[in-house]
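Asker:
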Amino acid sequence: MALKLTGAQMTELQEHIMPDVHKLREFFEQCAIESRLDANKPNIMKNAIYARKSIRRSKTKIRNSIRKTKTLASRQDSDIDSTKLESKTLIHL
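Residue numbers (our numbering): -16 to 76.
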């Protein structure tokens, strides 16, 4: 047996139910967003750890490359100086 409501009762019922439905919808959408974040947390944490490691690696790579260029430059300078000295010593011999 179905309830028979008049038009005024129906609109009054809709006025009370519709805001509740919207609140419920927002609540469940928020729950869905939170559950997605919870599901993705392991991946987020893993990516954060890998990001830290890669930053550390890139810093050391940059430092090492700077050191290498400095040592190569100093070696080349010393090689040039030694060739100058060798040529001068050959002349003096």
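Ideal Cβ placement from N, Cα and C applies to all residues, glycine included.
(1) In its own chain, which residues sit with a C-beta less than 6 Å from the C-beta of N30, not counting the 5 before and 5 after it?
(2) Alpha carbon to alpha carbon, how far is F11 from E(-2)? Give it in angstroms, no decimals.
(3) According to DSSP, simplified to helix, strand and coil, what is K(-13)?
Answerer: Result, derived from the coordinates:
(1) On the sequence shown, position 47 is the one that residue 30 refers to. Hits under 6 Å: none found.
(2) Indexing the sequence shown from 1 puts residue -2 at position 15. Indexing the sequence shown from 1 puts residue 11 at position 28. Answer to the nearest angstrom: the Cα atoms are 21 Å apart.
(3) For the purposes of this step, residue -13 is taken as the residue at position 4 of the sequence shown. Coil at K(-13), not helix or strand.
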